[in-house]
Every structure is written in structure tokens, then in C-alpha cells.
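Trainee: So that we are looking at the same thing, I have put the structure below in C-alpha cells.
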Amino acid sequence: MQYQFKFEKILSIKEREKDEAFNIYNQSVKRFETAAEKLYELLKKKEDLEAYQSSRLVNGLAVQEIRHHQHFIHQLEKTIEHYQQIVINARSHMNFQQEKFLEKNVEVKKYEKIKEKDLSNYAENVRLLEGRQMDDISIQHFMNRGN
């Protein structure tokens with residue numbers, strides 16, 4: 229008699245769902261990291277440009293060049309605001325996917341726990357059945373020896 233878990237198909241479906249949720253979560257983490265890196269690069273670029281402009285102001289700078297730098301910094305700030313929003317959205321999406329993955333993981337753990345308990349009950353029943361069979365064999369052997 230071989231052990232067969234009655235919820236094996238459900239467990240395999242739940243494991244597949246968990247794997248899919250994990251893959252989606254990993255993709256959302258990568259999107260978040262990409263957006264955060266781009267935001268960091270833009271902030272660094274702005275900081276470097278402001279430092280360059282400050283160093284140039286010490287030596288003197290044409291008004292037209294100052295306007296050009298200010299316009300560029302203004303455009304850069306708009307881009308930074310846009311990427312900040314992208315990072316916020318990517319973070320919230322990543323957190324949502326993490327929650328979904330954790331829920332799927334908990335479901336799989338529940339079915340694995342059920343399977344573990346069911347298997348131990350099955351093993352106990354097999355052990356008791358074998359014990360009874362051994363007792364029956366011993367009684368028959370004793371009865372046959374007595375005759």
C-alpha cells in the first residue's frame with residue numbers, strides 16, 4: 229500500500245502559483261532598482277552641474293551661459309520629479325507583489341504541513357497494522373505449535 233496525498237494536485241498548483249508570484253516579484257524588484265538607479269544618476273548629474281556652475285561663477289561667467297545652465301537644471305529637476313514618481317510607483321508595486329508572494333508562500337506551507345501530518349498519520353496506521361498482523365501471525369504460530 230503506497231502513500232497518496234489527497235491534496236497533491238492542489239499542492240502542486242499552489243507551488244506553481246508561488247513560483248509565478250516569486251518571478252513577478254523579482255521582475256518588480258528589478259524595475260524598482262532600474263528606476264532608482266536612473267533617479268540616482270539624475271540627482272548626481274544635477275549635483276555635478278551645480279558644482280561646476282559654482283566653480284565657474286568664481287572665475288566669472290557670461291549671463292547667457294548662466295541662463296543656459298539654469299534652464300538645463302530646471303529641465304533636469306522636472307525629469308527628477310518624473311523619476312521620483314516612477315520610483316514611488318515601482319516601490320509600491322514591488323511591495324504589493326511581495327505581499328502576494330508571501331501569501332502564496334503561506335498557502336503552500338499550510339498544504340505542506342497538512343501533507344506532513346497526513347504522512348505521519350499514514351505511517352502510524354501502517355505501523356499499527358503491521359503490529360496487528362505480527363500479533364496474528366504469532367497467535368497462529370503459537371496455536372499451530374500447540375496442535
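Counting the sequence shown from 1 gives a position; my numbering is that position plus 228. In this text, a Cβ means the ideal position worked out from N, Cα and C, and glycines have one as well. Because the structure is a prediction, the values reported are computed rather than measured.
Is the distance from the Cβ of H297 to the Cβ of L277 below 8 Å?
Mentor: Yes, Cβ-Cβ distance for H297 and L277 is below 8 Å.
Trainee: Nearest CA to the CA of E248: which residue from Q312, Q232, Q326?
Mentor: Checking every option, the nearest Cα to that of E248 belongs to Q326.
Trainee: Counting C-beta neighbours from all protein chains within 10 Å, is the total for V354 16 or more, i.e. buried, or is it exposed?
Mentor: By the 10 Å Cβ count, V354 comes out exposed.
Trainee: For the candidate residues Y253, R259, Q232, whose alpha-carbon lies nearest to that of E331?
Mentor: E331 has its Cα closest to that of Y253, out of Y253, R259, Q232.
Trainee: To the nearest angstrom, report how far apart I342 and S240 are at their CA atoms.
Mentor: Computed Cα separation, rounded: 14 Å.
Trainee: Report the residue from N251, K246, S256, I238 whose alpha carbon sits nearest the alpha carbon of I314.
Mentor: Measuring from the Cα of I314, the nearest candidate turns out to be S256.
Trainee: Output yes or no for whether 8 Å exceeds the beta carbon distance between R319 and F260.
Mentor: In contact: R319 and F260 (Cβ atoms closer than 8 Å).
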